[in-house]
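These protein sequences, in sequence, are chains C and V. With the first letter of the first sequence counted as 1, position 137 gets the number 137 in my numbering; the numbers rise by one all the way through. Count along the second sequence starting at 1, add 1000, and that's the number in my numbering. Built from N, CA and C at the ideal position, the CB exists for glycine as well. All figures in this text were calculated on a predicted structure; none of them were measured in a lab. Read through the structure below, which is laid out as structure tokens, and then see the notes.
Protein chains: 2
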Amino acid sequence: MATAPKSAWAQHTRTTLEAAGHRSGAARDAVIELLARQDCCLSAKEIADQLAGEGAGVGIASVYRALETFDELGLVQRLDAGEGVVRYEPALPGGEHHHHIVCDRCGRVTAFADEALERAIDRVSKRLDHTVAGHDVVLRGACPRCH
Amino acid sequence: MATAPKSAWAQHTRTTLEAAGHRSGAARDAVIELLARQDCCLSAKEIADQLAGEGAGVGIASVYRALETFDELGLVQRLDAGEGVVRYEPALPGGEHHHHIVCDRCGRVTAFADEALERAIDRVSKRLDHTVAGHDVVLRGACPRCH
DNA sequence: GTGAATGCAAACTCTTTGCATGACT
DNA sequence: AGTCATGCAAAGAGTTTGCATTCAC
């Protein structure tokens, strides 16, 4: 599976935003840069805190608005692992994606991918009356550090 | 697959609660009765509203406390389908379970079960470093009514 | 110059907690 | 009688919205 460089996501995101008629702005740009550097998902608060730590004082509202825009354009994937926090991560243009396992004890979120699982989900999707547009799988259990 | 009658859940729940040293009470009993009648998942607010509609004025705090207790005892399954609301449904004693598909447009939640999907998840679980204790699958897409 | 993007603060929703009252064993 | 369960209200956490200002085009 050919993996696109992470920087490609930032590029793709800016292009898509412009095509959708959005202007560029400092806050949203900072969120793009931060997300592009990420391996896995972040919550809105984590994004705001991290940007604040870097000196870029981005209002939390702007973070939420940026994430909402990205979501509408399919540029990020929302991940709700329970615990009342929504996390976001870049959605790769190629459609490749992964799922997550959440540690019961420390709350750490780790990514994993599995071809067979994807195929099983595709097969189920065809069987159902719904028009399945997307899916999420969340596993729960103790991570290696917490064993 | 032998399916236990829904009333069995209420019975099992009351037994388990008593064994765990809990007293019985009107509010929690009402929640048990309501959940036992349900085919699929309900949010705390839906439970409270429905009970209020039936004349049983159960405080929302009691609903949350009951659900928390059930969850600790493994009597319900929590389901977080995004949208910032947690839903609960009776966990069948046999361990059989299903997953959910959420309509993009109307928000309706429907249940489905699939053996092959379960097997795929089991296989992935063994491969990972985590001790996988549970899992959730949420599909998203337009339901038949919203096509 | 116009309108979108931003930031602050207030509003909202869902959930949890403190505390006095009432109910179960 | 002693505790636990309940309900109300207040507190918290996460997210959204209103509005004036700033910035991109």
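is_contact[residue i, chain C] using C-beta, thresh 8 angstroms
i	result
residue 1116 (chain V)	yes
residue 1026 (chain V)	no
residue 1097 (chain V)	no
residue 1012 (chain V)	no
residue 1121 (chain V)	yes
residue 1136 (chain V)	yes
residue 1078 (chain V)	yes
residue 1055 (chain V)	no
Reference residue i; option with closest CA among the options
i	options	result
residue 144 (chain C)	V:1141, V:1130, V:1147 and V:1125	V:1130
residue 134 (chain C)	C:97, C:40 and C:146	C:97
residue 16 (chain C)	C:93, C:87 and C:60	C:93
residue 128 (chain C)	V:1099, V:1084 and V:1027	V:1099
residue 1068 (chain V)	V:1036, V:1086 and V:1121	V:1086
residue 105 (chain C)	C:147, C:138, C:79 and C:53	C:147
residue 1079 (chain V)	V:1109, V:1120 and V:1119	V:1109
residue 28 (chain C)	C:43, C:14 and C:54	C:14
residue 38 (chain C)	C:132, C:58 and C:91	C:91
residue 30 (chain C)	C:19, C:20, C:60 and C:40	C:60
Burial state of residue i (16 or more Cβ within 10 Å)
i	result
residue 1072 (chain V)	exposed
residue 89 (chain C)	buried
residue 140 (chain C)	buried
residue 1007 (chain V)	exposed
residue 24 (chain C)	exposed
residue 1066 (chain V)	buried
residue 1081 (chain V)	buried
Residue i, DSSP secondary structure in three states
i	result
residue 100 (chain C)	strand
residue 1011 (chain V)	helix
residue 1043 (chain V)	strand
Proximity test, Cβ basis, 8 angstroms: residue i and chain V
i	result
residue 143 (chain C)	yes
residue 111 (chain C)	no
Closer than 8 angstroms at the beta carbon, the chain C residues around residue i
i	result
residue 1147 (chain V)	131
Where residue i meets chain V, residues with beta-carbon distance less than 7 angstroms
i	result
residue 125 (chain C)	1139
Contact list for residue i against chain C, beta-carbon separation under 7 angstroms
i	result
residue 1128 (chain V)	101 and 112
residue 1104 (chain V)	133
Partner residues on chain C for residue i, Cβ-Cβ distance less than 9 angstroms
i	result
residue 1082 (chain V)	78, 79, 80, 86 and 136
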